Amino acid sequence: MKTLSTMSRKNRHHLNRGCAQHGGALVEVLIATALFLSVTVGMVGAFTHTESLWVAIYDKKLSRNTTINSARKQMMIDSYEQAWADVQELGHLKLVP
């Protein structure tokens, strides 16, 4: 004959076995979540570094283009003034027969 305590013990054992199975699934879910979060944080960190690199490259490109354009403009002005100064120093031009 089964007593109440024997039935209660069997029920507890059955419930504990079910909880253990669900606990294994919980551990798998926690590991998958931790892996997902670590990969996501790594990608966000890499994107932040990449974005700052692109900003630095773009700023350097703008600075370089500004320097090159001002140097070209200065070269054009200097060459033009120098050319006319040379012509003025030649004196009168003579026709060569």
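Numbering (my numbering), first residue to last: 4 to 100.
Heads up, the beta-carbon is just placed ideally off N, CA and C, and yes, glycines get one too.
Only a predicted model underlies this, so the values are computations on that prediction, with no experimental measurement involved.
Check	Outcome
Coarse secondary structure for residue 95, derived from DSSP in three states	coil
Length of the line joining the Cα atoms of residue 64 and residue 52	18 Å
Between the CA atoms of residue 54 and residue 36 - distance to the nearest angstrom	27 Å
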